[in-house]
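Chemist:
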Amino acid sequence: MIWTIEDFVYGAIDGSVTTFAVVAGVVGASLSPSIVLILGFANLFADGFAMAIGNYLSSKSKIEYIEREKRREEKEINDSPQQKLEELKDIYFKKGFRDKLLENIVNTITSSKEVWIDILMKEKIGSADIKNEKPLSKAITTFTAFNLIGLIPLVPFMFVFIFDFAESQNIDIVFIYSSIFTGLSFFAIGMIKGKVVDKSPIKSGLKTLLIGGIAAVVSFIVGDVLSNFVGE
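Position 81 of the sequence shown, counting from 1, maps to 263 under my numbering, and the rest follow consecutively.
What follows is the structure in C-alpha cells.
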C-alpha cells in the first residue's frame, strides 16, 4: 500500500479542525467532559469514514475519466488519423515550432500510438498519469490521518477520564490543555502542508492555526448561545 503525504496532511487537518470544533462547541455549551468524549469519538469515526469514502470515490472517478478519455483519443486516432495528426501539428505550431522541426516532432510522436495518445491527453486535460492513483490506499491514509491527528484534542479529556474523572469537572482547565495541544498540532500540520505544496512552512502553519482557531471560536460561541437559549 502506498501512503501519500498529501492525503495524510489533508486528512490530518480536517480531523484536527473538526474534532476540536466539536470539543469547543461542547465546552461552550457547558456540557460534561463525558459528552466531549462521546461526541468527539463519534465525529472521529463518522467524519473520518465519510472523508475517506469521499477521497476513494474522487480517486476512482478520476481514473475512470482518464481511462474513458484515453479510449476516446485512441478511437479517434484509429478512425481519423489524418485529422488527429493535424491536431497534433496545430498544438506544436502554437508552441512556436515550424517547418522541418515541426515535421520531425510530429513524426517522432506519431511513431508511437501510446505517446501520441498521452501527448494529446496531456494537452487537453493536463496530467493523464494514473499510476499514483490508488483509491483504497488514499482512503486508508485519509482515515488514519483523520483519526490519528483528530484524536489530539481529546487526549486531555481521555487522560482525566482514565485516571480520575472526578477532577475533570473543571472542564475549562482540561479545555485549555486541549487547546494548547491542538494549536501545536495545527501549526505542525500546516508547516508540513507548506512543504508539500512548496509554500512557506511558517505562513502555512500560521494560516492553519488561524483557520482552526476561527472554527473553534465559532463553535464555542454557538454552543454557548444555544445552551443559554435552551436553558431559558
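Backbone N, C-alpha and C define an ideal beta-carbon position, used for all residues, glycine too.
On a predicted model such as this, the values are computed, not experimentally measured, just so you know.
Is the Cβ-Cβ distance between THR292 and TRP298 less than 7 Å?
Modeler: Yes, the pair counts as a contact, with Cβ atoms nearer than the cut-off.
Chemist: Note the first and the last residue of the continuous alpha helix (DSSP H) segment covering LYS257.
Modeler: Element bounds for LYS257: 215–261.
Chemist: Given this structure, state the Cα-to-Cα distance separating VAL199 from GLY394, to the nearest angstrom.
Modeler: One C-alpha to the other measures close to 5 Å.
Chemist: Using the beta-carbon count (16 or more within 10 Å), is PHE227 buried or exposed?
Modeler: Looking at its Cβ environment, which holds fewer than 16 other Cβ atoms inside 10 Å, PHE227 is exposed.
Chemist: Could you check if PRO263 is buried or exposed, using at least 16 other CB atoms within 10 Å of its CB as the buried criterion?
Modeler: By the neighbour-count rule (16 or more Cβ atoms within 10 Å), PRO263 is not buried but exposed.
Chemist: Do you know whose CA, among ASN314, ASP300 and PRO338, lies nearest GLY308's CA?
Modeler: Minimum Cα distance to GLY308 is reached at ASP300.
Chemist: Using 8 Å as the cut-off, can you tell me whether the stretch 230–239 makes contact with the stretch 364–373, which would need three or more C-beta pairs spanning the two stretches below that distance?
Modeler: No: fewer than three Cβ pairs fall under 8 Å.
Chemist: According to DSSP, simplified to helix, strand and coil, what is ASP354?
Modeler: Three-state DSSP puts ASP354 in a helix.
Chemist: With H, G and I counted as helix, E and B as strand and the rest as coil, what does DSSP make of GLU305?
Modeler: GLU305: helix per DSSP, three-state reduction.
Chemist: Taking SER374 as the reference, give the member of LEU391, SER361 and ILE358 with the closest Cα.
Modeler: Correcting the residue identity first, residue 374 is Ile in this sequence and not Ser. Of the candidates LEU391, SER361 and ILE358, the one whose C-alpha sits nearest the C-alpha of ILE374 is LEU391.
Chemist: Could you tell me the alpha carbon to alpha carbon distance between MET303 and VAL378, rounded to whole angstroms?
Modeler: So the two alpha carbons sit approximately 26 Å from each other.
Chemist: Among residues of its own chain, excluding the 5 on either side of GLU188, which ones have a beta-carbon nearer than 8 Å to its beta-carbon?
Modeler: VAL378.
Chemist: Give me the Cβ distance between PHE357 and VAL209, rounded to the nearest whole Å; I'm assuming they're in contact under 8 Å.
Modeler: Confirmed, about 5 Å.
Chemist: Are PHE339 and LEU219 closer than 7 Å when you measure CB to CB?
Modeler: For PHE339 and LEU219, yes; Cβs fall inside 7 Å.
Chemist: Would you call the CB atoms of SER401 and ALA224 closer than 7 Å?
Modeler: Against a cut-off of 7 Å, the Cβ pair of ALA224 and SER401 comes out as no contact.
Chemist: Keeping to the same chain, check which residues put their C-beta closer than 7 Å to that of GLU268; ignore five residues upstream and five downstream.
Modeler: Contacts found: none.
Chemist: For LYS133, does the count of other Cβ atoms within 10 angstroms reach 16, so buried, or fall short, so exposed?
Modeler: Nothing can be reported for residue 133: it is not among the residues displayed for the chain, which extend from 183 to 414.
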